[in-house]
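Structure first, then comments.
Residue numbers (my numbering): 7 to 537.
Written out as structure tokens, the structure reads:
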């Protein structure tokens, strides 16, 4: 199950003219009556300067009332530190008073190309297959992202750059979380939907902005001939009586998508009057239980759970905070905030503020807002100016102005940041990542570098984290489990490729040599390696 960026349902324009209204009474509410086609009289008062029986507008065109959708749409008013983004189309765009053309009657929405004033044919909706940064958490099927969000209006023909120019049509959500956040089973609604447990899931969250086109594919795909009733019966039998059939549990849950697992959970309770997660927790233990429970939680709730765990008790798992908040898309961050509030009865931002400090706290709060300008088209002049600002805030001054780095790196689209980083290298002769490492330290440095890596190659970022979790003596099981659970439906194919390319060894071989038992069999099944 999934929901896309919430598009605002358009208000219909004025009713088409052509027939006189019955009775000759003015319309309720005091709105002016729509103008009919020439040749038909309209009851009511004549318009100034127009002969009776004729319209003040050309044939086939009429005035429509402005609609609420044309006001600024988005806003994150409810989000902590929310930032509005997305503005109303400027006066003169088709569908608004003063343009002189036929009204469209509704605000732009996803998958509905917006013809520019010149009238050239709109580009067709893009096909899925590529994503942008956010993470699919368990995400969605990839697709190309375009440069304009619903409600934006192109002011000039888009320029093409090496960062991926943007098309003159409404933005199509791109994949970030792969299909983990839910596979659409019906036409996408215009507002978030809640699944049976009250959580939200997404279709194709963006992973970056503009036309960031990093191809992604998960290893965990929807099971063919899926039957929730049959799977529920298998799981009940596996846990009934003495002992537990772990293999049967793996054979079901390691090969079902998040959406399918939620259907199994609902069917299990329907058939047996028992909560599947509670039954699994009572039967299983150790790291195997941790993976299974993570799989059974909806993606937004699992991330909220991991963030809560990272800040609970003594100390903070800053690495988990950085990984989740710096790699997820706006839509995913917003869903995490909602899940956190629902599960723990307090705001995520409040816990971040109370558990972190200094410039690192400000970076984490910025990331928790979900206000990155994901659909921002690349502006080379701005990229050069921002690169110069970063240079002046770091290498060319005594000390470092961390707030400048925060304001740019936390807010700009991934495409725009790629342009900024390239401009920075040209101006300074150094890579931005090297500069951050020399200018900052501690968790702030780790967080900033994580964002830079996600901008450039998110799959490589996760491959590196998996390697670090398993190299040497011992295993960072929390990181290993979190990445496998959240990326298996998103970009695990690319993560495995980057792991092989970067370290000269297959990810599954690394896993086989590092963990064992049912825990290993479950992890291998999820990454498509067999067990």
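All C-beta atoms in this analysis are idealised placements derived from N, C-alpha and C, irrespective of residue type, glycine included.
Everything numeric in this text was worked out from a predicted model, so none of it was measured.
**Asked** Buried or exposed: residue 265, going by 16 or more other Cβ atoms within 10 Å of its Cβ?
**Response** On the chain shown, residue 265 is found 259 positions in, with the first residue counted as 1. Residue 265 should be labelled buried.
**Prompt:** Given a threshold of 16 other Cβ atoms within 10 Å of its Cβ, counted over all protein chains shown, does residue 116 qualify as buried or as exposed?
**Reply:** Translated into positions along the chain shown, residue 116 becomes position 110. Because residue 116 sits at a pLDDT of 38, beneath the cut-off of 50, its placement in the model cannot be relied upon, and the point is left open.
**Message:** Can you find the residues in the same chain that come closer than 6 angstroms, C-beta to C-beta, to residue 244, ignoring five residues on each side of it along the sequence?
**Reply:** Residue numbering aside, residue 244 sits at position 238 when the chain shown is read from its first letter. If we look at residue 244 and ignore the five residues flanking it on each side, its Cβ neighbours are 251, 254, 255.
**Request:** Please name the residue in 237, 249, 294 whose C-alpha comes closest to that of residue 267.
**Result:** Counting from one through the chain shown, the residue named residue 267 turns up at place 261. Per the Cα distances, 237.
**Prompt:** Counting pairs of beta carbons, one from the stretch 390 to 405 and one from the stretch 338 to 354, are three or more of them closer than 8 angstroms?
**Reply:** No, the stretch 390 to 405 is not in contact with the stretch 338 to 354.
**Message:** According to DSSP, is residue 401 part of a helix, a strand, or is it coil?
**Reply:** Numbered from its first residue, the chain shown carries residue 401 at position 395. In this structure, residue 401 counts as coil in the three-state DSSP scheme.
**Prompt:** Can you tell me the Cα-Cα spacing of residue 365 and residue 296, whole angstroms?
**Reply:** Translated into the one-based positions of the chain shown, residue 365 becomes position 359. Translated into the one-based positions of the chain shown, residue 296 becomes position 290. Cα to Cα, the separation comes out at about 33 angstroms.
**Prompt:** Between residue 467 and residue 246, what straight-line distance do the alpha-carbon atoms span, to the nearest angstrom?
**Reply:** By one-based count along the chain shown, residue 467 stands at place 461. By one-based count along the chain shown, residue 246 stands at place 240. When rounded, the distance between both Cα atoms is 42 angstroms.
**Message:** Since residue 378 and residue 419 should fall inside the 8 angstroms C-beta cutoff, what is the C-beta to C-beta distance between them, to a whole number of angstroms?
**Reply:** Indexing the chain shown from 1 puts residue 378 at position 372. Indexing the chain shown from 1 puts residue 419 at position 413. At roughly 7 angstroms, the Cβ-Cβ gap stays under 8 angstroms, so residue 378 and residue 419 are in contact.
**Message:** Looking at the secondary structure, which residues open and close the alpha helix (DSSP H) in which residue 427 lies?
**Reply:** Position 421 of the chain shown, counted from the first residue, corresponds to residue 427. Per DSSP, the unbroken alpha helix (DSSP H) holding residue 427 starts and ends at 420 to 434.
**Prompt:** Closest by CA to residue 473, which one among 302, 515, 221, 388?
**Reply:** Here residue 473 refers to the residue found at position 467 of the chain shown. Selected option, being the one with the closest Cα: 515.
**Item:** Inter-residue spacing [alpha-carbon to alpha-carbon] between residue 441 and residue 401
**Value:** Position 435 of the chain shown holds residue 441. Position 395 of the chain shown holds residue 401. The C-alpha of residue 441 lies about 7 angstroms from the C-alpha of residue 401.
**Asked** Is DSSP giving residue 231 helix, strand or coil here?
**Response** Stepping through the chain shown from its first residue, residue 231 is reached at position 225. Shown here, residue 231 sits in coil according to DSSP, grouped into three states, outside any helix or strand.
**Message:** Quick check on the burial criterion: 16 or more other C-beta atoms within 10 angstroms. Buried or exposed for residue 383?
**Reply:** Translated into positions along the chain shown, residue 383 becomes position 377. By the 16-neighbour rule on beta-carbons within 10 angstroms, residue 383 is buried.
**Request:** Determine the burial state of residue 336: buried for a count of at least 16 other Cβ atoms within 10 Å of its Cβ, exposed for fewer.
**Result:** In the chain shown, counting from the first residue as 1, residue 336 sits at position 330. Answer is buried; the Cβ neighbour count reaches 16.
**Prompt:** Just checking my contact of residue 300 with residue 496 at CB under 8 angstroms: how many whole Å lie between their CB atoms?
**Reply:** Residue mapping note: residue 300 aligns to position 294 of the chain shown, counting from 1. Residue mapping note: residue 496 aligns to position 490 of the chain shown, counting from 1. About 14 angstroms separates the beta carbons of residue 300 and residue 496, which is beyond the 8 angstroms limit, so they are not a contact pair.
**Prompt:** Which two residues bound the contiguous alpha helix (DSSP H) that contains residue 486?
**Reply:** On the chain shown, position 480 is the one that residue 486 refers to. Note, residue 486: alpha helix (DSSP H), 483 to 493.
**Prompt:** Given that a residue counts as buried once 16 or more other Cβ atoms are within 10 Å of its Cβ, and exposed if not, what is residue 432?
**Reply:** The residue given as residue 432 occupies position 426 in the chain shown. When all chains shown are included, residue 432 counts as exposed.
**Request:** Measure the C-alpha to C-alpha separation of residue 271 and residue 458 and round it to an integer number of angstroms.
**Result:** In the chain shown, counting from the first residue as 1, residue 271 sits at position 265. In the chain shown, counting from the first residue as 1, residue 458 sits at position 452. Cα to Cα, the separation comes out at about 38 angstroms.
**Message:** Rounded to whole angstroms, what is the Cα-Cα separation between residue 332 and residue 275?
**Reply:** If you number the chain shown from 1, residue 332 lands on position 326. If you number the chain shown from 1, residue 275 lands on position 269. The C-alpha of residue 332 lies about 36 angstroms from the C-alpha of residue 275.
**Request:** Put residue 251 into one of helix, strand or coil per three-state DSSP.
**Result:** What you label residue 251 is simply residue 245 of the chain shown in a count that begins at 1. If DSSP states are grouped into helix, strand and coil, residue 251 belongs with coil.
**Message:** Please state whether the Cβ-Cβ distance between residue 429 and residue 390 is less than 8 angstroms.
**Reply:** What you label residue 429 is simply residue 423 of the chain shown in a count that begins at 1. What you label residue 390 is simply residue 384 of the chain shown in a count that begins at 1. By the CB criterion at 8 angstroms, residue 429 and residue 390 fall inside the cutoff.
**Asked** Cα separation between residue 524 and residue 241?
**Response** Mapped onto the chain shown, residue 524 falls at position 518. Mapped onto the chain shown, residue 241 falls at position 235. About 16 angstroms.
**Prompt:** Going along the chain, which residues of its own chain have a beta-carbon closer than 8 angstroms to the beta-carbon of residue 358, five neighbours each way excluded?
**Reply:** The sequence position of residue 358 within the chain shown is 352, counting from 1. Correct list, in chain order: 317, 327, 367, 370, 371, 374.
**Message:** Let me make sure I understand the geometry here. Which of 421, 503, 362 has the alpha-carbon closest to that of residue 461?
**Reply:** Residue 461 sits at position 455 when you count from the first residue of the chain shown. When each option's Cα is compared against that of residue 461, the closest is 421.
**Prompt:** In whole angstroms, what is the alpha-carbon distance linking residue 258 and residue 532?
**Reply:** On the chain shown, residue 258 is found 252 positions in, with the first residue counted as 1. On the chain shown, residue 532 is found 526 positions in, with the first residue counted as 1. Distance between the alpha carbons of residue 258 and residue 532 is about 11 angstroms.
**Message:** Suppose you measure from the CA of residue 501 to the CA of residue 529; what does that come to, to the nearest Å?
**Reply:** The count along the chain shown starts at 1 and reaches residue 501 at position 495. The count along the chain shown starts at 1 and reaches residue 529 at position 523. C-alpha separation (whole angstroms): 14 angstroms.
**Asked** Using the beta-carbon count (16 or more within 10 Å), is residue 449 buried or exposed?
**Response** Along the chain shown, read from residue 1 onward, the residue named residue 449 stands at position 443. Classification of residue 449: buried, given that the 10 Å Cβ count is 16 or more.
**Item:** Validate contact between the stretch 306 to 320 and the stretch 277 to 294 using beta carbons, cut 8 angstroms, 3 pairs
**Value:** Flag = no, the stretch 306 to 320 and the stretch 277 to 294 do not touch.
**Message:** Restricting to Cα atoms, I'd like to know which of 485, 492, 503, 490 is closest to residue 323.
**Reply:** On the chain shown, position 317 is the one that residue 323 refers to. It is 485.
**Asked** CB residue 234 to CB residue 273, shorter than 8 angstroms?
**Response** For the purposes of this step, residue 234 is identified with residue 228 of the chain shown, where counting begins at 1. For the purposes of this step, residue 273 is identified with residue 267 of the chain shown, where counting begins at 1. A distance below 8 angstroms separates the beta carbons of residue 234 and residue 273.
**Message:** Tell me the residue span of the alpha helix (DSSP H) that contains residue 275.
**Reply:** Counting from 1 along the chain shown, the entry for residue 275 is found at position 269. Element bounds for residue 275: 264 to 278.
**Prompt:** For residue 380, does the three-state DSSP call read helix, strand or coil?
**Reply:** Residue mapping note: residue 380 aligns to position 374 of the chain shown, counting from 1. Reduced to three states, the DSSP call for residue 380 is coil.
**Prompt:** Quick one, which of 302, 261, 499 has its alpha-carbon nearest residue 281's?
**Reply:** Taking the first residue of the chain shown as position 1, residue 281 is located at position 275. Comparing Cα positions, the closest option is 302.
**Item:** residue 526 versus residue 260 - alpha carbon distance
**Value:** As a first step, residue 526 is located in the chain shown; it is residue number 520 there, counting from the start. As a first step, residue 260 is located in the chain shown; it is residue number 254 there, counting from the start. So the alpha carbons of these two residues sit roughly 11 angstroms apart.
**Prompt:** Residue range of the alpha helix (DSSP H) that residue 305 falls in?
**Reply:** In the chain shown, the residue the question calls residue 305 occupies position 299. Its alpha helix (DSSP H) spans residues 305 to 317.
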